[in-house]
DNA sequence: CATATTCTGTGTCGATCGTTACAGAATTGG
DNA sequence: CCAATTCTGTAACGATCGACACAGAATATG
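Protein chains in written order, with this note's numbering: chain Z, 20 to 216; chain U, 20 to 216.
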């Protein structure tokens with residue numbers, strides 16, 4: 020394998036792109052901004068990532084595999100489905116506000132909501148949103164199967180409800196809501212758990 | 020008052036702009052798109068509305084005064100605060116999905132969430148979002164004052180919680196959720212009302 | 001060392017962005 | 001009818017967009 024070696028760290032550059040897309044979204048993050056943030060000239064960027072659209076998809080995948088998964092995994096933690104959902108909501112409340120290391124909001128919840136993003140990106144982002152809804156449904160179904168929840172519970176409605184709370188918290192985090200404020204909303208949402216506390 | 024009369028209906032053009040901004044957001048709606056949708060050439064548009072940013076602000080104001088107010092008013096309807104909040108949530112579930120006459124989603128909930136919109140627009144949109152939060156808080160405080168709710172209720176948390184549900188429903192409506200699906204989430208959210216049903 | 005290969009940096013491409021100059025058309029007031 | 005005024009339509013402005021041509025520099029292989 021001949022050829023001049025790449026002078027930048029592909030993974031580090033991808034992560035820098037992820038943070039910029041996270042902050043600005045797809046359109047508002049220009050290639051000029053991206054080159055600056057990634058420390059790479061545009062021909063090198065195109066050689067490594069093909070196009071802005073492909074770069075976004077790669078950055079989004081990286082986001083899902085790291086930032087996203089770390090929080091969504093909390094749904095599986097806890098002895099009961101109720102504990103799992105509460106862990107997920109509280110985890111979101113902690114993760115969504117701006118911190119020293121990450122922007123406010125969520126690439127999944129807030130990505131491609133304005134239509135008009137490239138179709139492939141809209142498809143990828145919506146798929147992850149629906150995957151989370153499926154995960155919620157699955158955990159609720161399992162809770163019904165093992166008797167934690169009555170089989171009279173409307174899984175569809177309950178799943179969409181918790182998804183709504185999560186996505187709404189993402190918007191509020193963008194508006195500057197603190198983790199404590201979002202925790203309050205999350206705790207309140209748990210009061211809707213079927214059968215009470 | 021001399022001068023050639025305007026050949027287009029300013030209000031009709033503004034409403035056409037509103038629908039386009041509603042569907043596409045600020046950046047994705049180009050002046051070319053807007054001229055097409057409004058049936059006006061760009062010099063006439065600039066003469067009537069000054070700039071794209073000012074046009075958005077005017078369209079947004081129009082949205083708030085019509086589409087928005089019609090739904091938010093439901094918070095005040097109903098004998099109790101609980102009924103008011105439920106009316107608001109159900110009203111949102113009906114209004115948010117795409118219909119024959121209007122795009123999916125909400126200019127208030129989903130506007131200027133990607134930063135990087137002109138500062139004046141971000142300021143205006145966030146202000147309306149916070150106004151709705153204030154309205155929720157006010158209705159809850161009133162409910163405590165007249166004894167409907169215990170004064171142990173965390174108004175801040177409860178208000179943010181219902182705002183989250185509304186904003187999350189707006190995202191799901193953009194993803195194609197139906198009114199029936201959003202109603203399910205709304206009904207479920209009412210189960211979190213303090214003191215149970 | 002020679003060659004093939006791959007990256008880097010400069011500079012620029014055509015397209016589109018928001019915006020406006022300019023000339024002609026349509027109106028009101030004198 | 002003339003002047004002043006305001007709109008309409010054509011055409012184009014400079015800026016920025018995403019993307020790339022090209023030449024030179026740096027590596028591996030033979």
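Note that CB positions come from ideal geometry on N, CA and C, so glycine has one too.
For my contact list, residue 115 of chain Z and residue 201 of chain Z are in at a C-beta cut-off of 8 Å; report their separation, rounded to the angstrom. As a working mapping, residue 115 of chain Z is identified with position 96 in the first chain. As a working mapping, residue 201 of chain Z is identified with position 182 in the first chain. At roughly 6 Å, the Cβ-Cβ gap stays under 8 Å, so residue 115 of chain Z and residue 201 of chain Z are in contact.
Where the segment 196 to 212 of chain Z meets chain U: residues whose CB sits under 9 Å from a CB there: 196, 200, 201, 202, 203, 204, 205, 206, 207, 208, 209, 210, 211 and 212
Sort U:110, U:87, U:86 and U:85 by Cα distance to residue 97 of chain U and report the nearest one. The residue given as residue 97 of chain U occupies position 78 in the second chain. Nearest option by C-alpha distance: U:110.
Since residue 122 of chain U and residue 41 of chain U are thought to touch, with beta carbons under 8 Å apart, how far apart are those beta carbons, to the nearest angstrom? Sequence index remark: in the second chain, residue 122 of chain U carries index 103 (1-based). Sequence index remark: in the second chain, residue 41 of chain U carries index 22 (1-based). Rounded, the Cβ-Cβ distance is 5 Å, consistent with contact.
What is the DSSP secondary structure of residue 120 of chain Z, reduced to helix, strand or coil? Position 101 of the first chain, counting from 1, holds the residue named residue 120 of chain Z. In the structure shown, residue 120 of chain Z sits in coil (DSSP, three-state: anything other than H, G, I, E or B).
When the Cβ atoms of the segment 159 to 177 of chain Z are set against those of the segment 154 to 168 of chain U, are three or more pairs found closer than 8 Å? no
In three-state DSSP terms, what is residue 133 of chain Z? As a position in the first chain, residue 133 of chain Z is number 114, starting the count at 1. Correct three-state label for residue 133 of chain Z: coil.
Using a 10 Å radius around the Cβ and a threshold of 16 neighbouring Cβ atoms, would you call residue 187 of chain Z buried or exposed? Here residue 187 of chain Z refers to the residue found at position 168 of the first chain. Burial call: buried.
With DSSP run on the structure shown, which of helix, strand or coil describes residue 172 of chain U? Position 153 of the second chain holds residue 172 of chain U. Coil, per DSSP.
Assumed close pair residue 211 of chain Z, residue 102 of chain U - CB separation to whole angstroms, cut-off 8 Å: Reading the first chain from its first residue, position 192 is the one you call residue 211 of chain Z. Reading the second chain from its first residue, position 83 is the one you call residue 102 of chain U. With 8 Å as the limit, residue 211 of chain Z and residue 102 of chain U do not qualify as a contact, their Cβ atoms being about 17 Å apart.
Does residue 180 of chain Z have its Cβ less than 7 Å from a Cβ in chain U? Indexing the first chain from 1 puts residue 180 of chain Z at position 161. Judged by the 7 Å Cβ criterion, residue 180 of chain Z is in contact with chain U.
Residue-level contact to chain U via CB, residue 135 of chain Z, 7 Å cutoff: On the first chain, residue 135 of chain Z is found 116 positions in, with the first residue counted as 1. It does: the Cβ of residue 135 of chain Z has a partner Cβ on chain U nearer than 7 Å.
When we look at the beta-carbon of residue 60 of chain Z and count the other beta-carbons within 10 Å, is it buried (16 or more) or exposed? Numbered from 1 along the first chain, position 41 holds the residue referred to as residue 60 of chain Z. Residue 60 of chain Z should be labelled exposed.
Where residue 153 of chain U sits in the DSSP three-state scheme: As a position in the second chain, residue 153 of chain U is number 134, starting the count at 1. Looking at residue 153 of chain U - three-state DSSP - the assignment turns out to be helix.
By Cβ distance below 8 Å, which residues in the same chain neighbour residue 204 of chain U in space, the five residues on each side in sequence not counted? Within the second chain, numbered from 1, the residue matching residue 204 of chain U stands at position 185. So the list reads 112, 184, 187, 188 and 191, once near-sequence residues are dropped.
Would you mind working out which of U:95, U:193, U:29 and U:56 sits nearest residue 108 of chain U, comparing C-alpha positions? The sequence position of residue 108 of chain U within the second chain is 89, counting from 1. Nearest option by C-alpha distance: U:95.
For residue 174 of chain U, which residues in the same chain have their Cβ closer than 8 Å to its Cβ, ignoring the five residues on either side in sequence? As a working mapping, residue 174 of chain U is identified with position 155 in the second chain. The residues are 156, 159, 160 and 163.
Can you find a C-beta in chain U that's less than 7 Å from the C-beta of residue 193 of chain Z? The residue given as residue 193 of chain Z occupies position 174 in the first chain. Cβ-Cβ to chain U under 7 Å: yes for residue 193 of chain Z.
State the DSSP-derived secondary structure class of residue 125 of chain Z, mapped to helix, strand or coil. For the purposes of this step, residue 125 of chain Z is identified with residue 106 of the first chain, where counting begins at 1. The answer is coil: DSSP assigns residue 125 of chain Z none of H, G, I, E or B.
Neighbour list for residue 43 of chain U in chain Z, Cβ cutoff strictly below 9 Å: As a position in the second chain, residue 43 of chain U is number 24, starting the count at 1. Under the 9 Å cutoff, chain Z gives 133, 134 and 135.
In chain order, what residues of the same chain lie with their CB nearer than 8 Å to the CB of residue 152 of chain U, ignoring the 5 residues before and after it? Counting from 1 along the second chain, the entry for residue 152 of chain U is found at position 133. Taken in chain order, the residues that qualify are 178, 179 and 182.
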